[in-house]
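So in our numbering, the last one in the sequence shown is 1215, and the numbering has no gaps at all.
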Amino acid sequence: MKLLLFDLDQTLINTGGAGLRALDRACLHLFGISNAMQGISPHGKTDPAIAREILRVRFDKHTPESNGEIRLILDAYLSFLKEEVEASAKYRVLPGITSILDEMSARKDVALGLATGNLETGARIKLDRGRMNRYFAFGGFGSDSEDRTELVRKAAEKAAAQYGKTIPASDIFVIGDTPLDIDAGKRAGFQTVGVATGSYSMEQLLDSGANVAIPDFDQGRDYFLRSTFVA
Ligand SMILES: [Mg+2]
């Protein structure tokens, strides 16, 4: 059995900035500061790590005592997220994704999971609009760990629990749009696939150590299937 672990933002979907706007609203609501995310890149980071960065950049806080504030930010973020996702004019499911997930979910020898820095509640809200939760029974999330490598490992553990067997590391593929996805997959000991639908080119993803890189799941479909299954 092969296990495919997908990142969410810029890999499966693009929310059109809904997540950023929800974080900005959370910080405005809690602290009265506008544009809290300005200058902070969320790409490839876990939600708790992003909240920690907001506190560090905006308030010069980096002590463990800020964990309560991280929780506050994330709770407020979740409270605004659904509305932002629903209202987002540029929300879209990325090219070729639905087709490949339809095909993969019909196969008995393939398991699908998530490996995303989103809190699970946030991930489910983001996927719901694209009707994509049906493909993913389990995953590793930012709510499992602030550390991306740990949440990738967690996703593989949940797959093992779900299927009643451990899947060999050589049959586990971590798929994402940033070098941080690739790095986490490699640190966990798994195979990695870069998809250039975010801010990074195929070349940059390969340079960061990805075993394989594709432009997107439409143009890169056949190469992706050959690289992950048949090879
Ligand atoms: Mg991503």
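Built from N, CA and C at the ideal position, the CB exists for glycine as well.
Helix, strand or coil at residue i [DSSP, three-state]
{"i": "K986", "result": "strand"}
{"i": "G1001", "result": "coil"}
{"i": "A1215", "result": "Interpretation of A1215 is limited by its pLDDT of 42, a score under 50 that renders its predicted location unreliable; no figure is taken from the coordinates."}
{"i": "R1113", "result": "coil"}
{"i": "R1210", "result": "helix"}
{"i": "P1198", "result": "The identity of residue 1198 in the sequence shown is Ile, whereas the question assumes Pro. Note: I1198 maps to strand in three-state DSSP."}
{"i": "I1151", "result": "coil"}
{"i": "G1016", "result": "coil"}
{"i": "D1165", "result": "helix"}
{"i": "K1170", "result": "helix"}
{"i": "G1106", "result": "helix"}
Endpoints, beta strand (DSSP E) assigned at residue i
{"i": "T1133", "result": "Premise fails: T1133 lies in the alpha helix (DSSP H), 1132-1147, not in any beta strand (DSSP E)."}
{"i": "G1126", "result": "Taken as a continuous stretch (DSSP letters only), G1126 belongs to no beta strand (DSSP E), as it is neither H nor E."}
Contact test: residue i Cβ vs ligand 1 heavy atom, cutoff 7 angstroms
{"i": "Q1022", "result": "no"}
{"i": "Q1188", "result": "no"}
{"i": "D991", "result": "yes"}
{"i": "D1161", "result": "yes"}
{"i": "H1027", "result": "yes"}
{"i": "T1176", "result": "no"}
{"i": "Q1146", "result": "no"}
{"i": "G1097", "result": "no"}
{"i": "G1001", "result": "no"}
{"i": "G1126", "result": "no"}
{"i": "Q1133", "result": "For the record, residue 1133 in the displayed sequence is Thr; it is not Gln. T1133: no, Cβ never under 7 angstroms from ligand 1."}
One or two residues paired with residue i in a DSSP bridge
{"i": "Q1175", "result": "F1157"}
{"i": "D993", "result": "I997"}
{"i": "L1098", "result": "F990, G1123"}
{"i": "R1009", "result": "According to DSSP, which records beta bridges pairwise, R1009 is partnered with nothing at all."}
{"i": "R1076", "result": "N998"}
Endpoints, alpha helix (DSSP H) assigned at residue i
{"i": "L1085", "result": "1081-1089"}
{"i": "I1024", "result": "Careful: I1024 lies outside any alpha helix (DSSP H) and carries neither H nor E."}
{"i": "A1239", "result": "Lying outside 985 to 1215, the shown extent of the chain, residue 1239 is not represented and no answer is given."}
{"i": "A947", "result": "Residue 947 lies beyond the stretch modelled for the chain, which goes from 985 to 1215, so this question has no answer here."}
{"i": "D1191", "result": "1186-1191"}
{"i": "D1031", "result": "1031-1043"}
Check: residue i C-beta below 7 angstroms from any heavy atom of ligand 3
{"i": "T1030", "result": "Only ligand 1 can be found as ligands here, which leaves ligand 3 out of the picture."}
Closer than 8 angstroms to chain C by CB, residue i
{"i": "F1208", "result": "Among the chains in the structure shown there is no chain C, since it carries only a single protein chain."}
ask   = Touch check for the segment 1197-1215 and the segment 1014-1028: three-plus C-beta pairs under 8 angstroms?
value = The answer is no - the segment 1014-1028 does not touch the segment 1197-1215, with fewer than three Cβ pairs under 8 angstroms.
ask   = At a cut of 8 angstroms, does the segment 1085-1094 reach the segment 1031-1047 through at least three beta carbon pairs?
value = At 8 angstroms Cβ cutoff, the stretches do not touch.
ask   = Does the segment 1114-1131 come close enough to the segment 1141-1148 to have 3 or more Cβ pairs within less than 8 angstroms?
value = Yes, they touch.
ask   = For the 8 angstroms Cβ check, are there 3 or more pairs between the segment 986-998 and the segment 1094-1101?
value = Judged by pairs of C-beta atoms under 8 angstroms, the segment 986-998 touches the segment 1094-1101, as three or more such pairs exist.
task = Could you tell me whether the segment 1156-1171 touches the segment 1192-1199, using the rule of 3 or more Cβ pairs below 8 angstroms?
result = These segments touch.
query = For the segment 1058-1074 against the segment 996-1011, are there 3 or more C-beta pairs whose distance is under 8 angstroms?
reply = Verdict: yes, contact present.
request  = Count the CB pairs spanning the segment 1026-1039 and the segment 1125-1138 that are closer than 8 angstroms, and state whether there are at least three.
outcome  = Yes, the segment 1026-1039 is in contact with the segment 1125-1138.
query = Would you call the segment 1130-1141 and the segment 1105-1116 in contact, with 3 or more CB pairs under 8 angstroms?
reply = The segment 1130-1141 makes no contact with the segment 1105-1116: fewer than 3 CB pairs, one atom from each, lie closer than 8 angstroms.
query = Looking at C-beta atoms only, is the number of pairs between the segment 1002-1010 and the segment 1063-1070 that lie closer than 8 angstroms three or more?
reply = Flag = yes, the segment 1002-1010 and the segment 1063-1070 touch.
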